[in-house]
Amino acid sequence: MNPLLVKFDNPFDTAPFDKIESLHFLPAIQEAIKLAKDDVEKIKKNPIPTFSNTIEALDQSGKLLGRITSIFFNLNSAETNDEIQKLAREISPLLTAHSNDILLDQDLFQRISQVFEQKDKLNLNPEETTLLEKTYKSFVRNGAKLSSEQASNLRKIDQELAQASLKFGENVLAETNKFIHFEKEESAIDSLPEGIQEAAAQLAEEKGQPGNWAFSLDYPSYIPAMTYAKNRELRKTLFMASSTKCAKGDELDNQEVIKEILRLRFERATLLGYKSHSDFILEERMAKSPSQVMEFLESLLEKAKPKAIQEIKELEEFAKKIDGIEKIEKWDFAYYSELLKKEKYALDDELLRPYFQLEKVINGVFQTAEKLFGITFSPDTNIPTYHKDVTAYEVKDRDGKHLAVFYADFFPRAGKRNGAWMTSFKGQSGIERPHVSIVCNFTKPTKSKPSLLTFNEVTTLFHEFGHALHGLLANGKYESLSGTSVFWDFVELPSQIFENWCYEKECLDLFASHFITGEKIPEELIEKIKKASNFQQGYQTLRQLSFALLDMAYHSQDPKSITSVFDFERDIMKQTDLLPKVSGTLMSTSFSHIFQGGYASGYYSYKWAEVLDADAFELFQEKGVFDAETAQSFQEHILSAGGREHPEVLYKRFRGRSPKQDALLKRSGLVSENLN
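One rule links them: number in the numbering used here = place in the sequence shown (from 1) + 155.
See below:
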């Protein structure tokens, strides 16, 4: 029996990872597509279309297909191999065709339209109204009103887009895994912290060169080397490898893939009657239009750039003073920034790292969630996982009832893409509880030390856990409106607000203790963390804005004018790039957020959501960071509400008003505290 096609007999209906083999996926998905088509045919046979037999029934259809595909594509991101990647290239066209079959089904759309036209007479509650409107819009926005010839063209575009996106991601992963750099002389690495040296030695041993030191493009290897290596040539070597990823003109080059993705997205948008891909995407966002996004980005650029210029000048003077560096290059930035931060605040990551043992930070995240929302986490070894590094937990609510299943996957490996993300293996709807996962790439334990996180890794864990809370606490009737199924520029609010607790003594006292002595993190270090939180905020804001502006430039126009990805990126980045351009470097070719993930015309949402999170956390600061009433309100109106109503409505219910930009500007040090 195919384990994906029988009832899962594991605790809480969890996925049978211990029984699944790659060969099971294709036949299971083919069968699940047939069953999903049967669901749709049953909907179409009802003589009189109603909200219940059409809109609700469609939301409930294809559940098995949804579960199997979530398992498959999550494995393709976190535990892939050549066989799974080959399957993805076969399976993606099947799923795209199936989705098109539904969205372009004229009989089905006619039934949906009939219900939609009666919406004012149906006495629907807000959640039901949202489902009806979202269902109708999704059909219209995906071609239901096209002619048969146009619909055929749309199908072709969607098939090609799915393949191009897969190709982009496969190339990035292959290029990341391909690179390894060995150092044979201890003098090249002696400025690195002891734990990083040990990790580099361990990696070299794993790669067949014991006695040497090895560095990869995985973040726990790359970032510390760029931050602490005094050896400028080592930094340059690693920087060039990272910054030319998939831009070398070989079989892994993504430049033509980018052009193909942009062309297809533009063709799709114009076929559907939109001016550009950005116009299509932003119609269903809080920002609403490319002009509003650009106005938002340019207003922040105006405030951040003068401060960023001052910060670069300060760094250049510092590098010249201590090392005689006449011109800072991009591979120098992190190294001298860390030294400057240490001089200004007597603080660096290695001073903090001993207080952030991964296991304790995880426990601290759990305790923070318990204090705020009353939920608890218990490891459950009876729940199968897809890799030995993954831990599964049962989550219970404040009354001790089962709430969800949570998977945690923290260390880099060859089959896992870089970065950090939250995902789900099972959605929430009605009494069905979710299965949520967070995936990260943190510093691995060595032979002599446990996994010790940088403060940035701590905030990353809190960030992804904030996304997880959005899924774990979901309490909607319909899966398509539940949890993180919200507008893209609202989805980062739960994740980004949760980072704020990392800077609060009440929270740090829960978990930040020295991994050897057990001593709690000293209050003076917490104060230094807070003071250093605005260090180079102008530059960091400018960096985020540069990515958002590049994203908008790619997607808000006809891409025919983009003959050279190199030249296009350089021209767009001119207004934000304060360091010398390095020949041959190109970030677009590994910009997975917009060419593989879902952030196309949406990268601005990180800064947009920062406005929301700073404004929302200000209320916690006023009432108390663990204030029960404020936490309950945030859970009710934000975390549990999902997308049942427009995010502006939900936010106003929590905050009592619309968000203001003031809190972000003050927190980032971009304006004076004394705002009128």
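Note that CB positions come from ideal geometry on N, CA and C, so glycine has one too. Just so it is clear, the structure is predicted and the values come from calculations on it, not from any experiment.
Between residue i and the rest of its own chain, which residues show a CB-CB distance below 7 Å, the 5 nearest in sequence each way excluded?
i	result
Asp164	none
Asp173	Pro539
Asn829	A caution first: Asn829 carries a pLDDT of 40, below 50, which makes its placement in the model too unreliable to give a value.
Ala329	Leu407
Pro649	Gly621, His622, Leu624, His625, Ile793 and Leu794
Leu495	Leu470 and Phe473
Tyr806	Leu767 and Pro814
Leu160	Ala183 and Glu186
Ile239	Ser177, Leu230 and Asn231
Ser823	Asn689, Gln692 and Thr696
Gln816	Val766
By alpha-carbon positions, which one of the options ends up nearest to residue i?
i	options	result
Asn386	Leu427, Glu341, Leu213 and Phe670	Glu341
Leu616	Gly529, Ala569 and Asn518	Asn518
Arg418	Ser716, Phe653 and Arg810	Ser716
Glu453	Ser579, Met707 and Ser303	Met707
Leu733	Ile175, Lys460 and Glu411	Lys460
Lys468	Glu484, Leu456 and Lys458	Glu484
Ala317	Pro567, His253 and Cys595	His253
His748	Asn157, Gly324 and Phe772	Gly324
Leu263	Ile203, Cys401 and Glu457	Ile203
Asp713	Arg423, Thr331, Gln269 and Phe334	Arg423
Arg420	Ser788, Ser756, Val780 and Lys778	Ser756
Cys595	Val613, Lys197 and Val295	Val613
Glu439	Asn573, Glu525, Ser293 and Ala359	Ser293
Glu245	Asn201, Asn236, Leu181 and Phe271	Leu181
Ile175	Ser207, Ile223 and Leu393	Ile223
Ser302	Leu427, Ile257 and Gln357	Leu427
Lys604	Ile335, Gln751 and Arg508	Arg508
Thr425	Lys632, Ala524, Gln305 and Leu321	Gln305
Cutting at 8 Å between CB atoms, please list the residues of its own chain near residue i, excluding the five before and the five after it.
i	result
Lys189	none
Glu466	Gln691, Gly693 and Tyr694
Phe167	Ile538, Glu549, His557, Val560, Arg588 and His590
Tyr383	Ser346, Leu347, Pro348, Ile351, Tyr490, Glu493 and Glu505
Asn831	In this predicted model, Asn831 has a pLDDT of only 32, less than 50, meaning its place in the structure is not dependable; the value taken from the coordinates is given anyway. Closer than 8 Å at Cβ, skipping near neighbours: no residue.
Thr107	Any question about residue 107 goes unanswered here, given that the chain covers just 156 to 831.
Asp544	Asp564, Phe565, Phe566 and Arg568
Thr601	Gly350, Glu353, Ala354 and Gln357
Residue range of the beta strand (DSSP E) that residue i falls in?
i	result
Lys581	Trp576 to Lys581
Asp373	Element bounds for Asp373: n/a, residue is neither H nor E.
Ala796	From DSSP, Ala796 is part of no beta strand (DSSP E); its letter is neither H nor E.
Lys485	Counting along the chain, Lys485 falls outside any beta strand (DSSP E), and DSSP gives it neither H nor E.
Tyr548	Thr546 to Lys551
Ala559	His557 to Asp564
Can you give me the start and stop residues for the alpha helix (DSSP H) that residue i sits inside?
i	result
Val195	Phe180 to Lys200
Ser454	Pro445 to Asp478
Thr639	It is not in any alpha helix (DSSP H) - Thr639 carries neither H nor E in the DSSP assignment.
Pro649	Leu648 to Glu654
His590	Run containing His590: none in the alpha helix (DSSP H); it sits in the beta strand (DSSP E), His590 to Val594.
Thr284	Pro281 to Val295
Phe789	Ala783 to Phe789
Ser247	Asp237 to Leu258
Tyr802	Here residue 802 is Pro; the residue named in the question, Tyr, does not match the sequence. Its alpha helix (DSSP H) spans residues Pro802 to Arg810.
Thr531	Counting along the chain, Thr531 falls outside any alpha helix (DSSP H), though it belongs to the beta strand (DSSP E) covering Thr531 to Pro534.
Leu607	From DSSP, Leu607 is part of no alpha helix (DSSP H); its letter is neither H nor E.
Arg138	Lying outside 156 to 831, the shown extent of the chain, residue 138 is not represented and no answer is given.
Gly739	Counting along the chain, Gly739 falls outside any alpha helix (DSSP H), and DSSP gives it neither H nor E.
Ser177	First-last for Ser177: undefined, no H or E at that position.
Met728	Val720 to Met728
Among residues of its own chain, excluding the 5 on either side of residue i, which ones have a beta-carbon nearer than 6 Å to its beta-carbon?
i	result
Glu739	Here residue 739 turns out to be Gly, not Glu, going by the sequence shown. Within the same chain, Gly739 has close Cβ partners Thr399.
Val646	Thr639
Lys162	none
Leu527	Ala786
Gln522	Leu665
Thr251	Asp313, Gln314 and Ala317
Every unbroken alpha helix (DSSP H) within the region 751-781, with a cutoff of 4 residues, ordered by chain
Given a length threshold of 4 residues, each whole run of the alpha helix (DSSP H) inside the region 751-781 is given here in chain order: 760-778.
Quick test of the definition: if touching needs 3 or more C-beta pairs under 8 Å, does the region 504-514 touch the region 598-616?
Contact holds: three or more Cβ-Cβ distances are below 8 Å.
Ignoring anything shorter than 4 residues, give me the alpha helix (DSSP H) runs that lie fully in the region 370-439, in order along the chain.
Within the region 370-439, the complete alpha helix (DSSP H) runs of at least 4 residues are 374-383, 387-398, 410-426 and 432-437.
Determine contact between the region 696-715 and the region 673-681, defined as no fewer than three beta-carbon pairs at a distance below 8 Å.
At 8 Å Cβ cutoff, the stretches do not touch.
Looking at C-beta atoms only, is the number of pairs between the region 666-675 and the region 793-802 that lie closer than 8 Å three or more?
The answer is no - the region 793-802 does not touch the region 666-675, with fewer than three Cβ pairs under 8 Å.
If you pair each beta-carbon of the region 301-313 with each one of the region 208-220, do three or more pairs fall below 8 Å?
With a cut-off of 8 Å, the region 208-220 and the region 301-313 do not count as touching, because too few Cβ pairs lie within range.
At 3 residues or longer, and completely inside the region 300-374: list those beta strand (DSSP E) runs for me, N to C.
For the region 300-374, whole beta strand (DSSP E) runs of length 3 or above, ordered along the chain, are 336-338 and 368-370.
Inter-stretch contact (C-beta, 8 Å, three-pair minimum) for the region 717-726 and the region 652-666:
Counting C-beta pairs closer than 8 Å gives fewer than three between the region 717-726 and the region 652-666, which falls short of the contact rule.
What runs of the alpha helix (DSSP H), each 4 residues or longer, lie entirely inside the region 686-717?
Runs found: 692-710.
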